[in-house]
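Q:
In UniProt numbering, the protein residues as written are 1 to 433.
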């Protein structure tokens with residue numbers, strides 16, 4: 001999409017509706033068509049060769065690229081202010097796709113300990129099978145972050161607003177540490193979305209999303225996004241040979257020398273999606289594109305509702321603590337005003353004075369809030385992390401992640417806020433009876 005007026009870039013909501021798309025050249029269709037096809041006819045043998053040699057941009061096979069999926073990647077890239085991006089099959093896939101061009105056997109990442117439970121398991125257990133490893137640290141302790149980085153560290157990883165507790169991360173401070181170490185900062189921006197925060201503006205190299213959450217917004221799609229800032233010098237050291245040296249998996253092409261700021265994106269497509277196959281389907285991409293059109297409107301309501309609900313809960317005598325960073329009492333309140341000035345998101349945890357039993361009773365007693373393992377829906381959602389999303393973690397890990405047994409996670413939706421509060425009120429009454 002081009003500038004709407006000379007010298008002025010389009011605003012967020014304009015990009016959310018228009019970026020990455022144009023009327024279909026064949027039919028004039030205004031909404032992005034669903035290109036439900038596996039493959040694409042080449043003009044001739046030379047055209048096919050040029051596409052495979054990355055000498056021309058186009059479509060080869062839908063495991064690599066698809067027009068509907070590419071439109072989604074382009075839209076989120078524009079919203080995040082990146083140089084290039086890919087869409088893939090899930091948020092977990094996006095994390096692996098972000099790491100794949102950077103890592104090799106014996107390499108490690110340094111990660112925040114405040115993460116979604118599935119990510120902690122992916123990093124602490126599953127990636128070991130690739131010969132990778134992760135060190136978890138409290139990213140509020142910058143000295144600990146620096147100390148955890150060694151000669152084999154290839155990335156620093158965090159979430160903008162940590163799931164489940166809603167803790168806000170000091171992205172700028174972590175970006176500075178990553179720069180000094182010569183490694184990229186990878187930020188999961190799922191819970192903030194680019195409407196609240198653009199991590200690249202804070203120094204992030206790569207941004208990942210679970211498109212399943214706020215981007216789609218209605219619980220219909222699983223998908224993931226990786227956006228590259230295009231600003232990292234992959235050739236500044238020998239740490240990233242897949243990008244800075246001839247890549248044996250792609251005819252000896254040196255991606256950074258040949259493609260500059262698009263090196264990471266093209267490697268992710270030509271090697272990552274080709275060989276790992278973590279492909280997003282075009283119908284899912286279409287649903288997410290439609291969801292993003294209203295992202296700004298929805299996030300404004302999510303944040304407004306979350307602030308009101310958190311304030312009400314904090315005053316309730318049945319509640320021990322509320323972790324929402326939009327509350328002046330939060331240790332992360334000042335940081336939230338810097339990192340996410342439009343609001344602290346819509347995800348937080350609530351500790352109940354009745355402990356584990358009260359949490360379970362609350363979840364079972366609610367009528368409007370849905371008990372599901374998801375977040376970022378138009379509907380308000382609740383779950384008990386210690387027995388579900390963070391169940392696989394050791395008790396110490398649960399506490400560090402903000403998922404202690406006496407905690408419930410709430411994802412505030414866009415319903416009338418009075419109805420959300422009324423349901424929580426009756427649920428708390430039942431839980432503490």
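Backbone N, C-alpha and C define an ideal beta-carbon position, used for all residues, glycine too.
None of the values given here were measured: they were computed from a predicted structure.
Going by DSSP, what residues sit across from residue 428 in a beta bridge?
A: For residue 428, which the question treats as bridged, DSSP gives no partner whatsoever.
Q: Hey, quick one: how far does the beta strand (DSSP E) through residue 409 stretch, first residue to last?
A: 407-411
Q: Taking its Cβ as the centre, do 16 or more other Cβ atoms sit within 10 Å of residue 53, making it buried, or is it exposed?
A: exposed
Q: Taking all protein chains shown into account, decide if residue 95 is buried (16 or more other Cβ within 10 angstroms of its Cβ) or exposed.
A: buried
Q: Count the other CB atoms, across all protein chains shown, that sit within 10 Å of the CB of residue 277; report buried if there are 16 or more and exposed otherwise.
A: exposed
Q: Measure the alpha-carbon distance for residue 301 versus residue 166 and round it to whole angstroms.
A: 17 Å
Q: Please confirm whether residue 405 and residue 356 have their CB atoms less than 8 Å apart.
A: yes
Q: For the stretch 254-316, list the alpha helix (DSSP H) runs that are entirely contained and at least 4 residues long, ordered along the chain.
A: 255-259, 263-267, 282-292 and 295-315
Q: What residues match up with residue 247 in a beta bridge as DSSP calls it?
A: 253
Q: Residue 99 to residue 155, Cα distance in whole Å?
A: 8 Å
Q: Short check: CB of residue 65 to CB of residue 285, under 8 Å?
A: no
Q: I need the straight-line Cα distance from residue 354 to residue 318, nearest angstrom please.
A: Looking at the two C-alpha atoms, the distance is approximately 8 Å.
Q: Could you compute how far the alpha carbon of residue 361 sits from the alpha carbon of residue 426?
A: Spanning the alpha carbons of residue 361 and residue 426 requires a straight line of approximately 11 Å.
Q: Does any heavy atom of the ligand GDP sit closer than 7 Å to the C-beta of residue 209?
A: Looking for the ligand GDP in the displayed structure turns up nothing, as the structure carries no ligands at all.
Q: Could you spell out the range, first to last residue, of the beta strand (DSSP E) harbouring residue 350?
A: 347-352
Q: Residue 58: buried (16+ other C-beta within 10 angstroms of its C-beta) or exposed?
A: exposed
Q: How is the beta strand (DSSP E) around residue 224 delimited, first residue to last?
A: Segment 224-228, the beta strand (DSSP E) holding residue 224.
Q: Residue 350: which of 257, 384 and 151 sits nearest, CA to CA?
A: 384
Q: In chain order, what are the residue ranges of uninterrupted beta strand (DSSP E) at least 3 long that sit wholly in the stretch 107-147?
A: As far as the stretch 107-147 is concerned, its whole beta strand (DSSP E) runs of at least 3 residues are 108-112 and 133-137.
Q: Is it buried or exposed for residue 367, if we count other Cβ within 10 angstroms and need 16 for buried?
A: exposed
Q: So what does DSSP say about residue 12, is it helix, strand or coil?
A: helix
Q: Does the distance from the CB of residue 91 to the CB of residue 224 come in under 8 Å?
A: Yes, Cβ-Cβ distance for residue 91 and residue 224 is below 8 Å.
Q: Suppose the cutoff is 6 Å on Cβ atoms and the five residues either side in sequence are ignored; what does the same chain contact list for residue 342 look like?
A: 196
Q: Quick check on this structure: which residue in 189, 183, 116 and 178 has the alpha carbon closest to the alpha carbon of residue 163?
A: 116
Q: Measure how close the beta-carbons of residue 102 and residue 240 come, nearest whole angstrom, since I'm counting them as under 8 Å.
A: That pair is a contact at about 6 Å.
Q: Could you tell me the distance, in whole angstroms, from the CA atom of residue 119 to the CA atom of residue 46?
A: 43 Å
Q: Alpha carbon to alpha carbon, how far is residue 423 from residue 403?
A: When rounded, the separation of the alpha-carbon atoms in residue 423 and residue 403 is 23 Å.
Q: Under DSSP, the beta strand (DSSP E) around residue 365 begins and ends at which residues?
A: Premise fails: residue 365 lies in the alpha helix (DSSP H), 355-365, not in any beta strand (DSSP E).
Q: So, is residue 125 buried or exposed, given that buried needs 16 or more other C-beta atoms within 10 angstroms?
A: exposed
Q: Count the other C-beta atoms from every protein chain shown that fall within 10 angstroms of the C-beta of residue 228, then say buried if there are 16 or more, exposed otherwise.
A: buried
Q: Our contact map puts residue 377 next to residue 172 with C-beta atoms below 8 Å; I'd like the distance itself, whole angstroms only.
A: 30 Å between Cβ atoms; not a contact.
Q: Across the stretch 67-83 and the stretch 29-36, are there enough close Cβ pairs to call them in contact, namely three or more that are closer than 8 Å?
A: yes
Q: Does the stretch 326-346 touch the stretch 188-208, meaning 3 or more C-beta pairs lie closer than 8 Å?
A: yes
Q: Would you list the one or two residues that DSSP bridges to residue 61?
A: DSSP lists 39 as partners of residue 61.
Q: Check each candidate in 153, 348, 36 and 211 and name the one with the smallest Cα separation from residue 309.
A: 348
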